[in-house]
Each structure stands twice: as structure tokens, then as C-alpha cells.
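Student: If you scroll down you'll find the structure; I have some questions about it.
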Ligand SMILES: Cc1ncc(C[n+]2csc(CCOP(=O)(O)OP(=O)(O)O)c2C)c(N)n1
Ligand SMILES: [Mg+2]
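Residue numbers (the working numbering): 9 to 362.
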């Protein structure tokens, strides 16, 4: 799936060239996707949604312990970017990480089994929702400390430049995280050394229960790199085409040796901050309005139907297949063995020969 997506993403690149990036031209994106890309985007976003709905359900049943932060509503961000990356580009993000892993092609069984703390999970059942990694799929976590992944993502970019491997580090963080000091230390070094890092702010408008308006003196997060000379752009993060288009341009900027770029993705999470959030800081109507008018999956679905690329029955089939993959992952996550007690102290320290 990932390979065909990359191939079709490359094909459509030329059609995006005439659209010049300017910070203010937010509504410029029409549908730049081929029918195949629309179907791909639909399938991949729906995969994240169904996976997370299942995870939410399993959490409610007491099958998942610890923290669990759902990404529902934000799917277009990670899928749009994954349609623009090259093989070898890396993702690193916060604790709201299930979508990023699935977008990079990590196995839903391994992700779900980590949520339930089983042996077959990506961290052998010892990490949980916030702490999964896959070097094979270029996923570098899963980080529970707000903004801590940003210096690490910048370090990945340093390594890419040093090794000359042509890869870009795609470093995600939230609107709340964007007020953290370590991000600005990272910006300084990234620009100073022209590091290939794409900073992606997922502005879902809330940091736990605090809205961006209550916490940020300047709410234009795309321009937070201005004093370092880092360009940035605001993007409709609910529109997978807009995300893919802006990401392709920004990645090219980073890869061409011009250094870092910031994309502020305007998005929204439908669920609470985590599973234990009563969400009293916003109205039900606000959430409902977003779902009804901006849902990223519904936008593609409407396009597929109106262009007659797919029928209702075709889309039902896609959903059925995805539900089967998720059900299999959930089944594995409940039947797989618990970690062996002998694993209690492994993967904690690297033992070096004296
Ligand atoms: C250094 C640090 N401070 C506080 C927390 C508690 N905390 C966890 S998530 C969060 C909000 C972050 O919001 P944002 O960056 O907007 O990301 P989102 O949860 O919206 O994806 C806070 C304050 C933490 N994990 N780490
Ligand atoms: Mg936020």
C-alpha cells in the first residue's frame, strides 16, 4: 500500500507545481488527487479511524491500561504527509502517535498488542501507547514529555545531513508544545546548520483543557521560526489534498539544502485529550460543527461518490476490509501472551564491554 501511494504521489507532483505557496492563500487547494490517490487517502485515513475507535472501545472495557490519546479527527495530517515523503524519511511525534505509526506501515497487530501490554507489541508490551518505535519503518517514537521529541527530531536531521543520506526528519508537535523553550533552541541549531527537518505543528486548538487563545500570545504558529529565518505556512489540516500539496513543497525545501521549514496544520481532535478527559472546556456544538463541516474522511468520501470513482458499495467494501484487519489486530492483542518476567530488566540500559 505504501509503495503504490508513494508512486502515485510522485506522479501527481507535476500537477501541483503551478500552485505557489503564500501564507495567506489558504483556500487555494482544489482536488489535486488522481482517483487512485483519493481511494488510497480514503482507505488509509479510515484505517486510522477504525483502529482508534476500536482502541477507545477496548480502553473502555479495561483491556488497555495507562494513557491512551486518540487521534480521531486529525487523520488528514499524517496521511497527507505520508503521501509526500520519500522512502527513508523519518517521523517522530508525541504521545498522540497511533496514526503516525499506521501511516508509516507499522503492523496494526503490533500497535494494538502494545496497547494491551502483550509480548507481540512493538515494545514487547513494556511501552504502551506512548512508547513505540520501529527503526525499520523509520518511526522514532512516541514521546510522553511535551516537546521532548523536537530536539530529538532535530538530531535525526543532523544525522541525515552528516551521513548525506538525503532523508528528511518530519518532527511533529502540538500547539501547546509550541510554547516550550526547547523548540526554539532546536530552531536555532536547525537553521544555523541548514538541517533537513520539517517541523509539523498539529494545531488542534487545545492543549489538554487549555485553548490556544488562552495560552499563546501569538497564535500564528507557522511564523514562530521567523526570528531564526525559518519559513512557515498555515495549512488546512482537515483537507488531505492541501496537506499533501504543502508537504511536498516543504519537503523539497528541506531536502534541497535550504534547511528547516514549519507547517502549521489547522486541525481538530474529536475526542478528549486522553481517555480520562471529560472535555468540559468546549461545547458539544463546537465538536459537532467540525465533524459535520470539516471531517477529513467525509470530504474524500463525498468526492469519490460525486465523481463516480466509487459507489456506496465499493466504499462499504473498503470499510469491511479495514474492520476485518482491525478485528484481527484486536483479537491478537487479547490472545497474545503477557511479557515474560525475564524481560523485566531488558531494553533499559545498553551493556557496554568494559
Ligand atoms: C513537559 C511536560 N509538561 C506537561 C505535560 C502534561 N501534558 C501532557 S499533554 C499536554 C498538552 C499538550 O498539548 P499539545 O502540545 O497541544 O498536544 P495535543 O495533546 O493537543 O496533541 C500536557 C500539558 C507533559 N507531558 N510534559
Ligand atoms: Mg493541541
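Glycine residues also receive a C-beta, built at the ideal position from the N, C-alpha and C atoms.
With a threshold of 7 Å, establish whether the CB of residue 104 neighbours any heavy atom of ligand 1.
Tutor: The count along the chain shown starts at 1 and reaches residue 104 at position 96. Within the cutoff, so yes.
Student: If contact is defined by three or more beta carbon pairs under 8 Å, each pair taking one atom from either stretch, is the region 154 to 162 in contact with the region 179 to 194?
Tutor: Touching, yes.
Student: For a test of your reading of the model: does the CB of residue 184 fall under 7 Å from any non-hydrogen atom of ligand 3? Yes or no.
Tutor: Ligand 3 is absent from the structure shown, which contains only ligand 1 and ligand 2.
Student: Can you give, in chain order, each stretch of the alpha helix (DSSP H) that sits fully within the region 138 to 171 and has at least 4 residues?
Tutor: DSSP runs (the alpha helix (DSSP H)) wholly in the region 138 to 171: 157 to 171.
Student: Could you check what DSSP says for residue 197 in three-state terms: helix, strand or coil?
Tutor: In the chain shown, counting from the first residue as 1, residue 197 sits at position 189. If DSSP states are grouped into helix, strand and coil, residue 197 belongs with the helices.
Student: For residue 225 and residue 236, what's the separation of their Cα atoms in angstroms?
Tutor: In the chain shown, the residue the question calls residue 225 occupies position 217. In the chain shown, the residue the question calls residue 236 occupies position 228. Going by the C-alpha atoms only, they are around 18 Å apart.
Student: Identify which residue in 56, 40, 268, 183 has its Cα closest to the Cα of residue 337.
Tutor: Sequence index remark: in the chain shown, residue 337 carries index 329 (1-based). The candidate whose alpha carbon is nearest that of residue 337 is 56.
Student: Comparing C-alpha positions only, which one of 165, 266, 333, 220 sits nearest to residue 276?
Tutor: Reading the chain shown from its first residue, position 268 is the one you call residue 276. Nearest of 165, 266, 333, 220 to residue 276, Cα basis: 220.
Student: Taking buried to mean at least 16 other C-beta atoms within 10 Å of its own C-beta, is residue 87 buried or exposed?
Tutor: The residue labelled residue 87 in the question sits at position 79 within the chain shown. Flag for residue 87 reads buried.
Student: Roughly how many angstroms lie between the CA atoms of residue 179 and residue 100, to the nearest whole one?
Tutor: As a working mapping, residue 179 is identified with position 171 in the chain shown. As a working mapping, residue 100 is identified with position 92 in the chain shown. Going from the Cα of residue 179 to the Cα of residue 100 covers about 5 Å.
Student: Do you know how far the Cα of residue 177 is from the Cα of residue 266?
Tutor: Residue mapping note: residue 266 aligns to position 258 of the chain shown, counting from 1. Residue mapping note: residue 177 aligns to position 169 of the chain shown, counting from 1. So the alpha carbons of these two residues sit roughly 14 Å apart.
Student: Taking just the CA atoms, how far does residue 244 sit from residue 186?
Tutor: The count along the chain shown starts at 1 and reaches residue 186 at position 178. The count along the chain shown starts at 1 and reaches residue 244 at position 236. Their Cα atoms are separated by approximately 18 Å.
Student: With respect to 7 Å, is the separation between the Cβ of residue 212 and the closest non-hydrogen atom of ligand 1 below this value?
Tutor: The residue labelled residue 212 in the question sits at position 204 within the chain shown. Residue 212: yes, Cβ under 7 Å from ligand 1.
Student: Can you check whether the CB of residue 58 is closer than 8 Å to the CB of residue 248?
Tutor: Residue numbering aside, residue 248 sits at position 240 when the chain shown is read from its first letter. Residue numbering aside, residue 58 sits at position 50 when the chain shown is read from its first letter. It is not a contact, given that the beta carbons lie outside the stated cut-off.
Student: DSSP three-state label for residue 32, please.
Tutor: One-based indexing of the chain shown puts residue 32 at position 24. Annotation note: pLDDT 42 at residue 32 (below 50); position unreliable, no value reported.
Student: Going straight from the alpha carbon of residue 171 to that of residue 199, what length do you get?
Tutor: Locating residue 171 in the chain shown gives position 163, counting from the first residue. Locating residue 199 in the chain shown gives position 191, counting from the first residue. C-alpha separation (whole angstroms): 18 Å.
Student: Determine, using beta-carbon pairs with one atom in the region 132 to 140 and one in the region 66 to 74, whether at least three such pairs fall under 8 Å.
Tutor: A contact exists between the region 132 to 140 and the region 66 to 74.
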